[in-house]
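Below you'll find the structure, written out as structure tokens, and then a few comments.
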Amino acid sequence: MLEMDTKYIILTLFLIFGFGEIDLSAQSQKEVILGIELGPAMQFGNIDQSNLQGLTLKNTLNPQIRFNGYLELSDNLRLKTGLGLMTYSTNLAFGEFSDPVLIREVANISLGLEKEFLSNRKLRPFLGLDIFVQSRPKMNKVEFDSSEGIKLIPASETQDILVNQGTVTVSSSSVFLYLTPSVGFNYQLSNKILASLSGTYGWNLTDPLIIFDYSTLTLGERSYSFKGSYSGDFLSVLVGLKYRLR
Numbered sequence: 000m001l002e003m004d005t006k007y008i009i010l011t012l013f014l015i016f017g018f019g020e021i022d023l024s025a026q027s028q029k030e031v032i033l034g035i036e037l038g039p040a041m042q043f044g045n046i047d048q049s050n051l052q053g054l055t056l057k058n059t060l061n062p063q064i065r066f067n068g069y070l071e072l073s074d075n076l077r078l079k080t081g082l083g084l085m086t087y088s089t090n091l092a093f094g095e096f097s098d099p100v101l102i103r104e105v106a107n108i109s110l111g112l113e114k115e116f117l118s119n120r121k122l123r124p125f126l127g128l129d130i131f132v133q134s135r136p137k138m139n140k141v142e143f144d145s146s147e148g149i150k151l152i153p154a155s156e157t158q159d160i161l162v163n164q165g166t167v168t169v170s171s172s173s174v175f176l177y178l179t180p181s182v183g184f185n186y187q188l189s190n191k192i193l194a195s196l197s198g199t200y201g202w203n204l205t206d207p208l209i210i211f212d213y214s215t216l217t218l219g220e221r222s223y224s225f226k227g228s229y230s231g232d233f234l235s236v237l238v239g240l241k242y243r244l245r
């Protein structure tokens, strides 16, 4: 509950702070900017329970690209809309062995605000806040129940980790909602062109992306259990270019 409250407090303060400076005059010439951003996004693996030492969910780096449009609301505040593509993947690992799995490429749309500071200088810090919406087909739960066991990851040259009982659940949600604050700076290359560098954290406000719940694993003659998940939260670094249309 506290985590959810923090997200909505951030959203509320930013909206109040930002919209307090909007110039609603219809006679002023509004600035329009088009931009492109690309860079890696780190997706976090969380281990909830495990008694098999060395079995982990690795953080994964996934590429993303975004196309953005900006509309000036005041001298240093812009409305931002975007269309992007991001890849999600998982990586279950044991020691030097791993089982990376490409989940899928996911398109998303976004709407938010970008507030720029020191707009009379070439180097201009900014704060941003966006709401991302992602849509994708629903997927089913995969269940494991085998006395012989199903190979999970090669643990050594002579032994394997086998799943006897367990489930892998991919979220049944078809729409995912993210709250994504960002911080960065714009650098003016010319009257028309800006370069940008920013860091963004994405909070998944809906279901976890994927949950691994293996109640019975065997390695050699011993039994173990493992439970972990990818929440869908991500941390990204983006570089980009922005072009002023007017």
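Residue 13 in numbering that gives the first Met the number 0 sits at position 14 of the sequence shown, and the numbers go up by one each step.
We treat Cβ as the ideally placed atom computed from N, Cα and C, and that holds for glycine.
Assuming residue i is part of the beta strand (DSSP E), what are its boundary residues?
i: D159; result: 159-169
i: D129; result: 122-134
i: Q187; result: 174-187
i: G231; result: 221-243
What do you reckon, are the CB atoms on residue i and residue j nearer than 8 angstroms?
i: A200; j: G44; result: Checking the displayed sequence, the identity of residue 200 turns out to be Tyr instead of Ala. Going by C-beta atoms, Y200 is not nearer than 8 angstroms to G44.
i: V182; j: L126; result: yes
i: L56; j: T86; result: no
i: I108; j: V132; result: yes
i: L240; j: G34; result: yes
i: L218; j: L51; result: yes
i: G227; j: N203; result: no
i: V238; j: P39; result: no
i: S170; j: L208; result: yes
i: L91; j: F184; result: no
Name the one or two DSSP bridge partners that residue i has.
i: F43; result: In DSSP, F43 forms no bridge with anything.
i: R65; result: E36, G83
i: N50; result: Answer is none; N50 lacks a bridge partner.
i: D144; result: Q164
i: E104; result: T86
i: G111; result: K79, D129
DSSP three-state call for residue i: helix, strand or coil?
i: T259; result: Residue 259 lies beyond the residue range present for the chain, which begins at 0 and ends at 245; the question has no answer from this structure.
i: E20; result: Here the model assigns E20 a pLDDT of 47, short of 50, so the residue's position is not dependable, and the following value carries that caveat. Of the three classes helix, strand and coil, the one that applies to E20 here is coil, per DSSP.
i: N75; result: coil
i: L117; result: coil
i: S155; result: coil
i: K57; result: coil
i: G198; result: strand
i: G94; result: coil
i: K191; result: coil
i: K150; result: strand
Could you tell me whether the Cβ of residue i comes closer than 8 angstroms to any Cβ of chain D?
i: V236; result: Looking at the structure shown, chain D is missing, and only one protein chain is on hand.
Between the Cα of residue i and those of the options, spot the shortest distance and give me the residue it belongs to.
i: K29; options: I210, A194, L78; result: L78
i: L249; options: Q187, I108, I149, E71; result: For the chain, the structure presents residues 0 to 245; residue 249 sits outside this window and is missing.
i: T168; options: N75, S118, Y213; result: Y213
i: R245; options: E71, T59, A40; result: E71
i: D144; options: N203, L178, T166; result: T166
i: L82; options: L37, R103, S97, Q42; result: L37
i: E104; options: L240, E147, I64; result: I64
i: R221; options: T205, S189, G231, L161; result: L161
i: F96; options: Q158, L112, F184, Y69; result: Q158
i: D129; options: K140, M41, E113, N119; result: E113
i: Q164; options: G111, T215, P62; result: T215
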